[in-house]
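Asker: Just so you know, the working numbering puts 137 at position 104 of the sequence shown, and the rest follows in order with no gaps. Idealized CB from N, CA, C, for every residue including glycine. Dumping the structure here so I can ask a few things about it.
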Amino acid sequence: MSFAVGTGRTPRMALRARRLRRTPALRGLVRETRVHPSMLVQPLFIRAGAGGREPIEAMPGQDRLGLADLPGEAARLRAAGVRAVLLFGLPAAKDAIGSGAWAIDGVVQEGIRVLRTADPALVIIADVCLCEYTSHGHCGVLAGAGDDASVDNDASLELLARSAVSLAEAGADVVAPSAMMDGQVAAIREALDEAGLTQTAILAYAAKHASAFYGPFREAADSAPAFGDRRNYQMDPANGREARREIDADVAEGADMIMLKPALPSLDLVAAARARTDLPIAAYQVSGEYAAICAAAANGWLDRRAAALESLVAIARAGADIIVTYFAAEAAGWLREEPGR
Ligand SMILES: [Zn+2]
C-alpha cells in the first residue's frame, strides 16, 4: 500500500494491531502469557559441613548453603512466593560409585529433612544423579578402565533407583532423574513403587542436551567430569527428532512431568513437547543462561530485570508450565511489583 504523506488520506488497513498497544492497561488486558511465582522453582546447592553461605563466583547472587542456612532460605522463598525447590548436593567425600547419593545421612537427604521441618508445605524436588557423588564426576558407574572407561548404563540404573528411593524416604515430593541413562524413569518408578512410595512423583529430564551452558553449574556443584565429557549419554544439541523420541520414552516409562534443558536454546523442543503430551512440562533455565544475563547486566550491557523477565516469559510462551531458574526468588519479587506481567 502506498499513499502520499500529508494528503490527509487515511489508508484502510485490515490490521491495526497498535490499537491494543496504546496504554499499559490495554496491553495488560490482551497479554497472552503471564509468569506467576507459583510456577517458578529455585535450585539450591546444599553442602556438607557446619554451614555458612558460600558465594558461587560464576553465578552472582547464588550461594552454596549449609544445613544451618536452609531454614532461613526456606523463609526467604516463602516470603517471595516461591513454593518449590530443586536440590543438588555437595558431599564431604566422593567415591567411584557415588554412594553418597543414597546414604541415609547424605547431604541432600539431611537437607530435605531440615527443609521439610522448616516449611512443611514446600514442594521439594530432588535431583537424582551420581555426578556430584562420584570421584570421576560422571553421571553413572564406569565399566572398563583408562581410555576404554565408559558409563555402564544398566549398572547405573540400580544405583539411580536406590538414590531416588533414599531421597523419597527422606521426604522429597518429586525426584528428578538427570543422568540421561536409558530406562532410568522406568527403573526409578519400579523401585519407588516396590518401596511403597507410590505418591512420589517423577520429573524426568527427558531431553538434556550436552550443553556449554552448564559450565557455571560444575563450579557450583563441583561436578566436572575428571576425564572425557558427557556426550555419550547427554544428547547432541543438534537433534530435535531424537529429543522428541526421548520425551515419548519418558512418558511411556511413567514420568509424571517432563523437563527440557537448557531452556532458551531448546524453546522449539518445549513447544514440540507441549504439542506432544498433556503432562506438565518444565524447562530449566540453566547456570550459563543465568550467568550470561548477570554478566551482561554487570557490564551495563543489559537491563538485568527486563532481560530476566523477558527470558522467563519466552519460556512460558513456548509452552512451559514450570520454570526452574536461578532468578526464581528475585523474579517473584519483581512479579509482585508488576502483577499483570
Ligand atoms: Zn549428572
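(1) Thinking C-alpha only, which one of Ala306, Glu252, Arg369, Thr56 is nearest Lys294?
(2) For Ala212, verify whether its CB is less than 6 Å away from any heavy atom of ligand 1.
(3) Are the segment 309–318 and the segment 248–255 touching by the rule of at least three beta carbon pairs closer than 8 Å?
(4) Please look up how many angstroms separate the CB atoms of Pro70 and Leu368, rounded, as I've assumed it's under 8 Å.
(5) So Leu163 and Ser189 are in contact, right, with Cβ under 8 Å, and what is the actual spacing, rounded?
(6) Please classify Gly321 as buried or exposed, where buried requires at least 16 other C-beta atoms within 10 Å of its C-beta.
(7) Beta carbon of Val156, beta carbon of Arg111: below 7 Å?
(8) Between Cys164 and ligand 1, is the CB less than 6 Å from at least one heavy atom?
(9) Could you give the C-beta distance for Glu279 and Met268, rounded to a whole number, given that I count them as a contact under 8 Å?
(10) Taking the C-alpha atoms as reference points, what is the distance between Pro93 and Ala331?
(11) Between which two residues does the alpha helix (DSSP H) containing Tyr166 stretch?
(12) Nearest to Val141 by alpha carbon, out of Leu77, Leu193, Pro104?
(13) Whole angstroms are fine: how far does the CA of Ala126 sit from the CA of Thr66?
(14) By Cβ distance below 8 Å, which residues in the same chain neighbour Asp262 in space, the five residues on each side in sequence not counted?
(15) Quick one: complete alpha helix (DSSP H) runs, 4+ long, within the segment 170–240?
(16) If we require 3 or more residues per run, which beta strand (DSSP E) segments fall completely within the segment 54–136?
(17) Is the Cβ-Cβ distance between Ile355 and Met46 less than 7 Å?
(18) Give the secondary structure of Ala271 by DSSP, where H, G and I count as helix, E and B as strand, and everything else as coil.
(19) Within the continuous alpha helix (DSSP H) that includes Asp160, where are the two ends?
(20) Secondary structure at Thr358, three-state DSSP: helix, strand or coil?
(21) Looking at the unbroken alpha helix (DSSP H) that takes in Ala329, where does it start and where does it end?
(22) Considering only DSSP beta bridges, list what Ala316 is partnered with.
(23) Locate the alpha helix (DSSP H) running through Asp301, then write down its first and last residues.
(24) Measuring CB to CB, does Ser256 end up less than 7 Å from Gly170?
(25) Taking only the alpha-carbon atoms, compute the straight-line gap between Ala205 and Leu53 and give it to the nearest angstrom.
(26) Taking the C-alpha atoms as reference points, what is the distance between Ala288 and Ala234?
(27) Any heavy atom of ligand 1 closer than 6 Å to the CB of Cys327?
(28) Do the CB positions of Pro124 and Gly114 come within less than 7 Å of each other?
(29) Can you find a heavy atom of ligand 2 that lies under 6 Å from the Cβ of Tyr247?
(30) Asn186 and Asp160: beta carbons closer than 7 Å?
(31) Verify whether the separation of the beta carbon atoms of Ala347 and Tyr317 is less than 7 Å.
Answerer: Considering the structure as presented:
(1) In the sequence shown, residue 294 corresponds to position 261, counting from 1. It is Ala306 whose Cα lies nearest to the Cα of Lys294.
(2) Counting from 1 along the sequence shown, the entry for residue 212 is found at position 179. Ala212: yes, Cβ under 6 Å from ligand 1.
(3) no
(4) On the sequence shown, residue 70 is found 37 positions in, with the first residue counted as 1. On the sequence shown, residue 368 is found 335 positions in, with the first residue counted as 1. Yes, Pro70 and Leu368 are in contact; Cβ-Cβ is about 6 Å, under 8 Å.
(5) Walking along the sequence shown from the start, residue 163 turns up at place 130. Walking along the sequence shown from the start, residue 189 turns up at place 156. About 7 Å; that satisfies the 8 Å criterion.
(6) As a working note, residue 321 is residue 288 in the sequence shown. So Gly321 ends up on the buried side.
(7) Along the sequence shown, one-based indexing puts residue 156 at 123. Along the sequence shown, one-based indexing puts residue 111 at 78. Not closer than 7 Å, so no.
(8) Walking along the sequence shown from the start, residue 164 turns up at place 131. Checking the Cβ of Cys164 against ligand 1 gives yes.
(9) Residue 279 sits at position 246 when you count from the first residue of the sequence shown. Residue 268 sits at position 235 when you count from the first residue of the sequence shown. Contact flag correct, Cβ pair sits at about 7 Å.
(10) The count along the sequence shown starts at 1 and reaches residue 93 at position 60. The count along the sequence shown starts at 1 and reaches residue 331 at position 298. Cα to Cα, Pro93 sits roughly 10 Å from Ala331.
(11) Taking the first residue of the sequence shown as position 1, residue 166 is located at position 133. Per DSSP, Tyr166 belongs to no alpha helix (DSSP H) and is neither H nor E.
(12) The residue given as residue 141 occupies position 108 in the sequence shown. Per the Cα distances, Leu77.
(13) Locating residue 66 in the sequence shown gives position 33, counting from the first residue. Locating residue 126 in the sequence shown gives position 93, counting from the first residue. Each residue's Cα considered, the two are about 45 Å apart.
(14) The sequence position of residue 262 within the sequence shown is 229, counting from 1. Ala243.
(15) 186–203, 217–227
(16) 73–80, 96–98, 117–123
(17) As a first step, residue 355 is located in the sequence shown; it is residue number 322 there, counting from the start. As a first step, residue 46 is located in the sequence shown; it is residue number 13 there, counting from the start. No, the pair does not count as a contact, with Cβ atoms beyond the cut-off.
(18) Locating residue 271 in the sequence shown gives position 238, where the first residue counts as 1. If DSSP states are grouped into helix, strand and coil, Ala271 belongs with coil.
(19) Taking the first residue of the sequence shown as 1, we reach residue 160 at position 127. No alpha helix (DSSP H) contains Asp160, which is instead part of the beta strand (DSSP E) from 156–161.
(20) Position 325 of the sequence shown holds residue 358. Looking at Thr358 - three-state DSSP - the assignment turns out to be strand.
(21) Sequence index remark: in the sequence shown, residue 329 carries index 296 (1-based). Segment 320–331, the alpha helix (DSSP H) holding Ala329.
(22) Indexing the sequence shown from 1 puts residue 316 at position 283. Its beta-bridge partners are Leu293, Ile356.
(23) One-based indexing of the sequence shown puts residue 301 at position 268. Asp301 -> alpha helix (DSSP H) spans 300–309.
(24) On the sequence shown, residue 256 is found 223 positions in, with the first residue counted as 1. On the sequence shown, residue 170 is found 137 positions in, with the first residue counted as 1. Going by C-beta atoms, Ser256 is nearer than 7 Å to Gly170.
(25) As a first step, residue 205 is located in the sequence shown; it is residue number 172 there, counting from the start. As a first step, residue 53 is located in the sequence shown; it is residue number 20 there, counting from the start. Looking at the two C-alpha atoms, the distance is approximately 45 Å.
(26) Indexing the sequence shown from 1 puts residue 288 at position 255. Indexing the sequence shown from 1 puts residue 234 at position 201. Computed Cα separation, rounded: 8 Å.
(27) Working through the sequence shown from its first residue, we reach residue 327 at position 294. False, no ligand heavy atom lies under 6 Å from that Cβ.
(28) Counting from 1 along the sequence shown, the entry for residue 124 is found at position 91. Counting from 1 along the sequence shown, the entry for residue 114 is found at position 81. No, these two residues do not count as a Cβ contact at 7 Å.
(29) Looking for ligand 2 in the displayed structure turns up nothing; the ligands present are ligand 1.
(30) Reading the sequence shown from its first residue, position 153 is the one you call residue 186. Reading the sequence shown from its first residue, position 127 is the one you call residue 160. Contact: no.
(31) To locate residue 347, count along the sequence shown from 1; it is residue 314. To locate residue 317, count along the sequence shown from 1; it is residue 284. Result no, Cβ atoms of Ala347 and Tyr317 do not sit closer than 7 Å.
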